[in-house]
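So the structure is just underneath, and the comments pick up after that.
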Amino acid sequence: MEKCVIKSIDEPVDAGDWDTGYSSCRGGYFPATPWLGHSPILPQTYSSCGHPVKNPIHYHSDHFDRVIGGEEARMGSLPWMVMLTENGAQVCGGSVITDRLVLTAAHCFEDPESLDPRRWLAYVGKHHLRYQDLTEQKHTINQIMMHEGYDKDTARNDIAILILNERLMFNSFVMPICLPGFSLSSLLNHHSHSNHTNTNPLNITDDIFHGLEDNPRFVLNQVSLPILNDRVCGAHNWYGSEFLPQTTFCAGYEQGGKDACLGDSGGPFIIKNHNGLWVQVGITSWGYDCAQPRAPGIYTDVTMYMAWITQKAQKLKKLTVHKSNEIKQISMINSRPFQQPWQFSRDFMGFTLGVLMGLIT
């Protein structure tokens with residue numbers, strides 16, 4: 025039997041309620057101690073990151089097609105989802121990675137005026153767009169940190185972190201997603217040889233601009249998509265040289281029909297590891313229109329930015345008064361092994377509000 029490697033990481037930085045370690049069994053970095061609180065909806069105990077109290081449901085009907093092939097998500101099954109609004113309008117999605125940090129896409133803040141954090145609000149624990157959920161929390165933004173190397177012409181380094189003014193209250197409907205401890209290809213290769221591979225993957229995506237007319241319920245939705253090989257997306261009759269395999273990956277169908285879309289930007293693409301924890305490996309970035317043939321969605325590869333994420337988390341040392349809580353450092357993956365020519369199913373999750381996230385099982 026293969027032995028698991030579990031160890032803590034040195035040189036902590038203040039970034040919220042993370043007392044993290046590393047586990048080869050769990051497939052990534054995780055808080056070593058579960059978050060506990062005083063909310064009436066909080067269970068006695070539950071796993072920390074990437075482990076919702078309610079499991080996502082796999083759907084197979086054709087309902088809610090305008091979510092680009094998606095279905096309504098089970099309320100509370102995606103507790104790391106974030107809806108971002110600018111001046112009251114839903115614009116992008118994001119993911120909870122600590123109680124003060126939200127991971128999202130840099131292109132959400134291309135407009136110089138959009139860099140003003142006072143224009144933005146972050147909603148967590150939200151399921152409905154048009155009315156307030158009893159489970160939702162609304163937070164103001166302290167700082168917007170775009171990647172210094174972001175290029176709006178090529179969408180290179182399309183990643184950003186938001187620092188919230190106040191801590192999130194973690195409960196059954198608000199929890200962080202796990203971050204990866206392995207490269208994307210390593211995770212995929214593991215799943216390709218795993219007996220736990222799910223033949224019915226789940227995904228969620230949502231489109232505020234197109235989804236509203238066809239989905240009168242305005243709720244968080246989910247859709248299933250496959251991850252494609254880098255050589256496919258880089259083919260001349262697909263994305264060609266515009267595809268950046270070193271720092272991005274693509275997911276979708278050759279014939280189109282299912283995809284992330286407008287408003288989904290910044291939402292997480294996650295996979296489920298063999299021990300049942302959800303790990304974020306991608307950020308919704310861009311694509312040619314929505315759900316078009318040979319134009320799958322492009323996602324920032326989070327595994328290539330772990331050192332950057334850790335560096336930015338250190339900003340909290342100067343901003344937060346909560347000195348006792350820590351986030352441990354995560355090592356950057358410096359290389360991405362060659363992918364196999366087959367496809368791997370991944371799952372997405374996102375809002376009709378425009379939040380997107382993906383999973384693989």
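Quick note: the sequence shown uses the numbering used here, first residue 25, plus one each step.
No residue lacks a Cβ here, since even glycine has one placed at the ideal position from N, Cα and C.
Quick caveat: nothing in here was measured; it's all calculated off a predicted structure.
Review point. What does DSSP give as the partner residues of residue 306 in its beta bridges?
Key: According to DSSP, residue pairing for residue 306 in a beta bridge involves 293 and 325.
DSSP puts residue 117 in a beta bridge; with which residues?
Note: residue 117 sits in a beta bridge opposite 107.
Handout entry: Residue closest to residue 105, alpha-carbon to alpha-carbon, out of 293, 143 and 324
Key = Nearest C-alpha to residue 105: 293.
Tell me which residue opens and which closes the alpha helix (DSSP H) that residue 334 is part of. Looking at the DSSP string, the run of the alpha helix (DSSP H) that includes residue 334 is 330-337.
Nearest-angstrom beta carbon gap, residue 76 and residue 246 [assumed within contact, 8 angstroms]: Not a contact, Cβ separation roughly 13 angstroms.
If you draw a straight line from the C-alpha of residue 276 to the C-alpha of residue 249, how long is it? Roughly 5 angstroms separates the two Cα atoms.
If you reduce the DSSP assignment to three classes, tell me which class residue 133 lands in. Three-state result, residue 133: helix.
Buried or exposed: which applies to residue 228, given that a residue is buried once 16 or more other Cβ atoms fall within 10 Å of its Cβ?
-> Since pLDDT at residue 228 reaches only 34, below the 50 mark, its modelled position is unreliable, and the value read off the structure follows with that caveat. Buried, since its Cβ has 16 or more Cβ neighbours within 10 Å.
Q) For the stretch 180-198 against the stretch 153-164, are there 3 or more C-beta pairs whose distance is under 8 angstroms? A) Yes: the two stretches touch, three or more of their Cβ pairs being nearer than 8 angstroms.
query = If you run the structure through DSSP and keep just helix, strand and coil, what is residue 98?
reply = The DSSP-derived three-state label of residue 98 is coil.
Would you mind reading off the limits of the alpha helix (DSSP H) that contains residue 257? Unbroken alpha helix (DSSP H) run through residue 257: 254-257.
Practice problem: Using the Cα positions of residue 202 and residue 261, report the straight-line distance between them to the nearest angstrom. | Solution: The alpha-carbon atoms of residue 202 and residue 261 are separated by roughly 35 angstroms.
Practice item. Would you identify the three-state DSSP class for residue 143, choosing helix, strand or coil? Key: Residue state, collapsed to three classes: helix.
Does chain B have any CB closer than 8 angstroms to the CB of residue 301? The structure shown contains no chain B; it holds only a single protein chain.
Point to revise | Residues bridged to residue 154 (per DSSP) | key: Listed as beta-bridge partners of residue 154 by DSSP are no residues whatsoever.
- Query: Near residue 170, which residues of its chain fall below 7 angstroms by C-beta distance, leaving aside the five closest residues on each side in sequence?
  - Reply: Counting only Cβ-Cβ distances below 7 angstroms, and skipping sequence neighbours, we find 130, 133 and 184.
By alpha-carbon positions, which one of 244, 308, 324 and 259 ends up nearest to residue 101?
Taking only the C-alpha atoms, the option nearest residue 101 is 244.
>> Suppose you measure from the CA of residue 265 to the CA of residue 256; what does that come to, to the nearest Å?
In response: In this model, residue 265 and residue 256 are separated by some 12 angstroms (Cα to Cα).
Span of the beta strand (DSSP E) around residue 197 = First-last for residue 197: undefined, no H or E at that position.
Same chain, Cβ closer than 8 angstroms to residue 173, five either side skipped, listed in chain order: When the five nearest sequence neighbours on each side are left out, the beta carbons in the same chain lying within less than 8 angstroms of the beta carbon of residue 173 are those of 180 and 181, in order along the chain.
(request) Helix, strand or coil for residue 299, going by three-state DSSP, please let me know. (result) Here residue 299 sits in coil by DSSP.
The beta strand (DSSP E) enclosing residue 163, as first and last residue numbers = Looking at the DSSP string, the run of the beta strand (DSSP E) that includes residue 163 is 161-170.
From residue 336 to residue 151, what does the alpha carbon distance come to, in whole angstroms?
Their Cα atoms are separated by approximately 29 angstroms.
**Prompt:** Expressed to the nearest angstrom, what Euclidean distance is found between the alpha-carbon atoms of residue 155 and residue 326?
**Reply:** Taking the Cα positions, residue 155 is about 32 angstroms away from residue 326.
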